[in-house]
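Order-wise, the sequence lines are chains A and B. Using the working numbering, the letters of the first sequence correspond one by one to residues 11 to 451. Using the working numbering, the letters of the second sequence correspond one by one to residues 7 to 400. For each residue, glycine too, the CB sits at the ideal point set by N, CA and C. All values derive from a computational prediction rather than experimental measurement.
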Amino acid sequence: MSLLLNLLGPREGFEGGLFLPDFKQATSRRPIENVVARDPLRVPLQVSRTMPTKPEVAVGDSVLRGQRIAALVGTASVSVHAPTSGRVVEIDRVWTAREGFLPCAVIEPDGRDTAAPCNRTWSEESMVLQLAEHGVIVPAPLMPAHELIRQATQAGVTDLIVSAMETEPYLTSDLRTLVEQHGRFLDMTGELADALGVHHVYFALPYRHRRVVKRVCAEAAGRHIEISPLSDRYPQCQPNLLVKTILDREVPPGGTPLDVEAVVVPLTTIRMAADAVFSDRPVTHAIVTVAGDAVEHAGTYRVPIGTSVRQLADRVGLLAPVRQAVWGGPLTGIALTRDETVISADTAAILLFSQVHATNPVPCIRCGWCVEDCPVGLDPAALVQLEPASSADEQTKAHLKTCLDCGLCSYVCPATLPLAATIHRARERFCTTSSHSSGGA
Amino acid sequence: MKADARTIPGGWVALAAPHRLGGSTHLDILRSWTLAAGIVGLCGTVIFGASAAKVLLVAMLSAIATDCIVGYARARPVVGGLSHASLTGLLLGLTLPATVPWYIPAIGSLIAVVFGKIVFGGLGHFCWQPALVGRVVLQLLFLPTLSLSLHPTWPILAPGHLLVGRLDQPQRVEMAGYGGWFAQPHDANVQALAMERPVQTLRAFAQGRFRPDGGLAYEPLLREKLPPWQDSIFGLVPGGIGETCTLALIIAGLYLIYRGFLRWQMPVVMIAAAAVAAALLPVESGGNEGGYDWFPVFAVEQGRAVGVAYVLYHLTSGELMLGAFLIAGDMTTTPMRARGQALFAAGVGVLTIFMRLYGVVECECYWSILAMNTLVGVIDGRLRRRVFGMDEEP
Ligand code: SF4
Ligand code: SF4
Numbered sequence: 011m012s013l014l015l016n017l018l019g020p021r022e023g024f025e026g027g028l029f030l031p032d033f034k035q036a037t038s039r040r041p042i043e044n045v046v047a048r049d050p051l052r053v054p055l056q057v058s059r060t061m062p063t064k065p066e067v068a069v070g071d072s073v074l075r076g077q078r079i080a081a082l083v084g085t086a087s088v089s090v091h092a093p094t095s096g097r098v099v100e101i102d103r104v105w106t107a108r109e110g111f112l113p114c115a116v117i118e119p120d121g122r123d124t125a126a127p128c129n130r131t132w133s134e135e136s137m138v139l140q141l142a143e144h145g146v147i148v149p150a151p152l153m154p155a156h157e158l159i160r161q162a163t164q165a166g167v168t169d170l171i172v173s174a175m176e177t178e179p180y181l182t183s184d185l186r187t188l189v190e191q192h193g194r195f196l197d198m199t200g201e202l203a204d205a206l207g208v209h210h211v212y213f214a215l216p217y218r219h220r221r222v223v224k225r226v227c228a229e230a231a232g233r234h235i236e237i238s239p240l241s242d243r244y245p246q247c248q249p250n251l252l253v254k255t256i257l258d259r260e261v262p263p264g265g266t267p268l269d270v271e272a273v274v275v276p277l278t279t280i281r282m283a284a285d286a287v288f289s290d291r292p293v294t295h296a297i298v299t300v301a302g303d304a305v306e307h308a309g310t311y312r313v314p315i316g317t318s319v320r321q322l323a324d325r326v327g328l329l330a331p332v333r334q335a336v337w338g339g340p341l342t343g344i345a346l347t348r349d350e351t352v353i354s355a356d357t358a359a360i361l362l363f364s365q366v367h368a369t370n371p372v373p374c375i376r377c378g379w380c381v382e383d384c385p386v387g388l389d390p391a392a393l394v395q396l397e398p399a400s401s402a403d404e405q406t407k408a409h410l411k412t413c414l415d416c417g418l419c420s421y422v423c424p425a426t427l428p429l430a431a432t433i434h435r436a437r438e439r440f441c442t443t444s445s446h447s448s449g450g451a
Numbered sequence: 007m008k009a010d011a012r013t014i015p016g017g018w019v020a021l022a023a024p025h026r027l028g029g030s031t032h033l034d035i036l037r038s039w040t041l042a043a044g045i046v047g048l049c050g051t052v053i054f055g056a057s058a059a060k061v062l063l064v065a066m067l068s069a070i071a072t073d074c075i076v077g078y079a080r081a082r083p084v085v086g087g088l089s090h091a092s093l094t095g096l097l098l099g100l101t102l103p104a105t106v107p108w109y110i111p112a113i114g115s116l117i118a119v120v121f122g123k124i125v126f127g128g129l130g131h132f133c134w135q136p137a138l139v140g141r142v143v144l145q146l147l148f149l150p151t152l153s154l155s156l157h158p159t160w161p162i163l164a165p166g167h168l169l170v171g172r173l174d175q176p177q178r179v180e181m182a183g184y185g186g187w188f189a190q191p192h193d194a195n196v197q198a199l200a201m202e203r204p205v206q207t208l209r210a211f212a213q214g215r216f217r218p219d220g221g222l223a224y225e226p227l228l229r230e231k232l233p234p235w236q237d238s239i240f241g242l243v244p245g246g247i248g249e250t251c252t253l254a255l256i257i258a259g260l261y262l263i264y265r266g267f268l269r270w271q272m273p274v275v276m277i278a279a280a281a282v283a284a285a286l287l288p289v290e291s292g293g294n295e296g297g298y299d300w301f302p303v304f305a306v307e308q309g310r311a312v313g314v315a316y317v318l319y320h321l322t323s324g325e326l327m328l329g330a331f332l333i334a335g336d337m338t339t340t341p342m343r344a345r346g347q348a349l350f351a352a353g354v355g356v357l358t359i360f361m362r363l364y365g366v367v368e369c370e371c372y373w374s375i376l377a378m379n380t381l382v383g384v385i386d387g388r389l390r391r392r393v394f395g396m397d398e399e400p
């Protein structure tokens with residue numbers, strides 16, 4: 011198997027894309043480090059504004075690590091748990107990168123980090139319930155894991171793809187997780203496949219990390235899981251392109267992999283689910299890559315949810331003043347403007363840069379790099395000329411919906427035009443209003 | 007140095023994703039291109055002496071001055087800075103012979119910048135390569151000075167006088183019996199040699215102006231009318247400042263390909279297409295019957311594959327190499343995609359040889375690049391990429 015892999019090289023499934031300089035050397039060899047909570051944590055009481063919960067703690071209560079502090083309400087929501095033991099000193103609100111202000115409980119750690127007693131037993135029927143109860147989520151698009159399972163079952167998916175691909179520069183949280191605890195992920199993948207009733211299971215991981223691939227291949231022997239080592243060409247990590255590469259199915263414009271009877275589950279979700287189902291550990295920490303040229307001890311950290319970026323920066327040390335902070339990957343992430351933003355369960359990376367890659371747009375010089383590199387075959391240079399127009403035709407709308415927001419076009423553009431951002435704006439303008447009007451007509 | 011984490015609130019910058027960029031800006035492209043053209047210009051200066059440097063400098067300064075003055079008059083900053091103007095001037099200078107009076111490059115650059123670039127709206131908006139626009143207008147304006155058919159011989163520095171010699175009083179050398187530039191004696195009094203341009207000889211040959219010599223057509227052409235082939239590799243034949251030195255052009259082109267600013271398809275396909283065209287298109291045989299001689303590449307005379315040598319001469323003479331490596335690859339005036347550029351290059355290569363063999367226009371490569379520039383919109387429209395998940399082929 012491994013010899014064959016070496017000879018054949020990774021699968022190449024889509025046109026375009028680019029091998030980016032990945033800046034992972036600093037973090038990819040350092041083991042995941044635990045960040046111990048010392049300062050008060052501001053734990054959001056719900057994961058997202060659309061996932062309502064009922065708080066179960068009041069000011070003055072003491073909590074244990076893993077104790078539920080907010081119970082889910084309705085079906086499409088998850089519970090929230092305390093990341094460490096301590097005392098609730100305040101109920102307030104807190105800023106999160108993706109969801110804005112959310113209600114939070116301020117927990118002052120007592121330093122003992124006592125775990126709540128483990129009282130539930132595992133049974134296959136209740137797996138979906140357990141996922142919701144333990145706060146397991148899918149980071150992108152943000153939704154509860156059991157909700158994805160429900161949608162996938164409804165869509166009658168035949169193929170499950172577990173993705174450990176991280177093709178964006180700097181990110182190493184999936185890679186480190188995979189290196190340190192690979193066995194249980196395959197177990198969990200098998201459980202998930204049984205729950206979904208799929209025919210084929212694929213495990214996508216970066217071909218370049220040959221040793222990890224070999225280890226996972228050895229672990230997977232005898233299971234019905236096909237290991238798919240893929241090339242690092244960005245943006246191979248996008249679910250639509252994974253489906254294209256592994257299954258050779260193309261998701262229609264604006265669709266999701268569910269439309270072509272496949273479901274892509276990120277490794278983060280599998281990790282949370284394995285903890286929840288096998289060890290009865292709820293989601294209380296996020297595995298976060300902290301990197302960037304301003305960071306002194308770049309690495310992958312296991313950070314209690316509710317830690318603020320400022321606390322995290324204190325913990326890792328800074329080499330230079332930070333000029334730009336990014337939540338998530340450098341190509342698709344969100345720029346942070348407040349250092350009190352907290353780490354939430356869906357955080358994969360915090361990047362602190364001492365330099366801003368400023369743009370200075372000039373007219374398009376028709377180099378064609380954006381056209382050649384776009385992973386879905388769009389012509390970004392033409393799409394952005396739409397900006398001042400008031401309407402777009404059906405084909406253009408379909409093109410706008412096909413864009414994956416991977417940011418590659420802006421990355422390569424020598425005229426430093428904000429192509430990806432403009433296309434994103436155009437899609438929000440043209441595609442959402444059109445669906446309203448067509449719905450009314 | 008260890009910074010205090012409290013320095014964070016000092017203004018984090020909020021920009022839309024992506025937050026890191028590839029880092030090659032249009033200025034990098036223009037500067038690398040200018041560097042590549044500069045390498046060729048340097049070799050041209052060595053081969054043609056100080057007057058070549060003068061032509062290049064005048065062309066660059068005139069282009070920069072024009073851009074600045076027009077930018078100042080319209081009170082708006084010049085996009086692309088002075089890099090684009092100096093590149094345009096440099097490329098224009100490379101296409102001119104070193105013997106032209108100073109006002110020709112000056113006027114050419116002015117035309118190139120004003121009518122090639124500014125009337126279209128500046129950087130990124132023109133559809134014909136500005137330097138070539140300037141060049142062909144010069145060709146029409148100053149026909150008596152620039153025409154090859156009016157001036158049979160052109161000068162080049164003699165051995166021992168490279169870089170410092172003067173081109174004023176060249177010594178006429180006859181091609182028959184010319185053993186090549188390296189075989190010329192070092193003579194303190196002969197600073198320059200005058201001979202025919204190989205491209206003009208090839209053109210005359212294709213039009214049947216040479217009598218076949220007892221059934222041999224190519225053999226006399228190669229032996230008595232053209233300089234040895236290695237001379238055209240080193241650029242030691244008359245021609246435009248940047249047109250002759252094939253070696254320098256290849257190095258400049260490889261540098262641009264290495265930087266990723268020139269797609270390899272452009273020079274490779276262009277030269278391959280020119281080779282195919284030269285190999286297949288018929289030449290007037292010049293015999294008594296006056297017929298056409300098809301497929302010259304297969305010509306074998308006295309047991310030698312003279313046809314192949316004939317094709318190689320076509321590739322290294324004239325403007326083809328300069329066009330392929332430095333001028334045709336201009337991003338703004340070529341198709342977006344690599345395969346579009348390959349089509350474009352194939353068109354330029356074939357048109358160049360076609361015009362050389364049958365046309366009367368000179369600067370055939372420049373005219374064919376301009377002609378294909380006109381078709382860029384059509385090529386781009388034809389060669390769209392298939393959009394992911396959509397069935398219809400555009
Ligand atoms: S952001 Fe959209 S248009 Fe730009 S390269 Fe990615 S998919 Fe293509
Ligand atoms: S990458 Fe930028 S400059 Fe190049 S074609 Fe696309 S929009 Fe134009």
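Beta-carbon neighbours of Ser30/B, restricted to chain A and to distances below 7 angstroms: Pro424
Residues near ligand 1, criterion Cβ-heavy atom distance below 6 angstroms: Cys384/A, Pro385/A, Val386/A, Leu388/A, Pro390/A, Cys413/A, Leu414/A, Asp415/A, Cys416/A, Gly417/A, Leu418/A, Cys419/A, Leu429/A, Ala430/A, Ile433/A
Does the beta-carbon distance from Gly122/B to Pro103/B come in below 8 angstroms? Going by beta carbons, Gly122/B and Pro103/B fall outside the 8 angstroms limit.
Cross-strand partners of Met201/B (DSSP beta bridge): Trp160/B
Within 8 angstroms, do at least three Cβ pairs link the segment 32–43 of chain A to the segment 245–263 of chain A? no
Three-state class that DSSP yields for Gln177/B in the structure shown: strand
Nonlocal neighbours in the same chain, by C-beta distance under 8 angstroms from Leu206/A, ignoring five residues either side: Ile159, Ala162, Thr163, Val167, Leu170, Val273
Are Gly324/B and Arg362/B close, meaning C-beta to C-beta below 8 angstroms? yes
Residues that His91/A bridges to, as DSSP identifies them: Per DSSP, Arg78/A.
For Gln334/A, which residues in chain B fall below 9 angstroms Cβ to Cβ? Trp18, Val19, Ala20, Leu21, His25
Distance check for Cys371/B and Leu4/B, CA to CA, integer angstroms please. Residue 4/B is absent from the model: chain B starts at 7 and stops at 400.
Report back the beta-carbon spacing between Cys251/B and Val61/B to the nearest angstrom; my notes put them in contact at under 8 angstroms. 15 angstroms between Cβ atoms; not a contact.
Can you find the residues in the same chain that come closer than 7 angstroms, C-beta to C-beta, to Thr358/B, ignoring five residues on each side of it along the sequence? Ala280, Leu326, Glu370, Cys371, Ser374
For ligand 2, is there any heavy atom lying closer than 7 angstroms to the beta carbon of Trp379/A? yes
In terms of residue numbering, what span does the alpha helix (DSSP H) encompassing Lys407/A cover? Start and end: 404–412.
According to a CB-to-CB cut-off of less than 7 angstroms, which residues of the segment 401–419 of chain A neighbour chain E? Looking at the structure shown, chain E is missing, and the protein chains on hand are A and B.
Please determine, among Asp123/A, Ile101/A, Pro50/A, the residue with the shortest C-alpha to C-alpha distance to Gln77/A. Asp123/A
Three-pair Cβ contact test at 8 angstroms for the segment 384–394 of chain A versus the segment 384–397 of chain B: When Cβ pairs closer than 8 angstroms are counted between the two stretches, the segment 384–394 of chain A is seen to touch the segment 384–397 of chain B, the count reaching three or more.
Would you say the beta carbon of Ala344/B comes nearer than 7 angstroms to a heavy atom of ligand 2? no
Taking any Cβ of chain B, which residues in the segment 195–209 of chain A have a Cβ under 9 angstroms from it, in chain order? none
Would you say Ile460/A faces chain B, with C-beta separation under 8 angstroms as the test? A query on residue 460/A cannot be resolved here, the shown segment of chain A reaching from 11 to 451 and no further.
Tell me which same chain residues have a C-beta within less than 6 angstroms of the C-beta of Gly245/B, skipping the five on either side of it? Arg203
If the cut-off is 9 angstroms on Cβ atoms, which residues from the segment 339–359 of chain A count as contacting chain B, listed in chain order? Gly339, Pro340, Leu341, Thr342, Gly343, Ile344, Ala345, Leu346, Thr347, Arg348, Asp349
Determine the direct distance from the alpha carbon of Thr207/B to that of Val118/B, and round the result to whole angstroms. The question names Val, but residue 118/B in the sequence shown is Ala. About 30 angstroms.
Under 8 angstroms by Cβ, that's how I've got Val312/B and Ala285/B pegged, so tell me the actual separation to the nearest angstrom. Not quite, the Cβ-Cβ distance comes to about 12 angstroms (not below 8 angstroms), so this is no contact.
With 8 angstroms as the threshold, decide whether the Cβ of Gly309/A is near any Cβ in chain B. no
Going by Cα to Cα distance, which pick from Ala359/A, His434/A, Val138/A, Ala355/A is closest to Glu176/A? Ala359/A
Where Tyr212/A meets chain B, residues with beta-carbon distance less than 8 angstroms: Neighbours of Tyr212/A on chain B: none; closest Cβ ~20 angstroms, over 8 angstroms.
Measure the Cβ-Cβ separation of Val223/A and Leu215/A and say whether it is below 8 angstroms. Yes. Within cutoff.
Span of the alpha helix (DSSP H) around His457/A: For residue 457/A there is no data in the structure shown, the boundaries of chain A being 11 and 451.
Hey, could you find the ends of the alpha helix (DSSP H) Arg141/B is sitting in? Arg141/B -> alpha helix (DSSP H) spans 136–147.
Is there at least one non-hydrogen atom of ligand 2 closer than 7 angstroms to the beta-carbon of Cys374/A? yes
Say the cut is 7 angstroms; is the CB of Leu427/A nearer than that to a heavy atom of ligand 2? yes
Given Gly44/B as reference, the closest of Arg26/B, Ala65/B, Gly29/B, His25/B once Cα atoms are compared: Residue Ala65/B is the option with its Cα nearest to Gly44/B.
Report the three-state DSSP secondary structure of Tyr264/B (helix, strand or coil). It is helical.
Coarse secondary structure for Phe363/A, derived from DSSP in three states: DSSP places Phe363/A in strand when its eight states are reduced to three.
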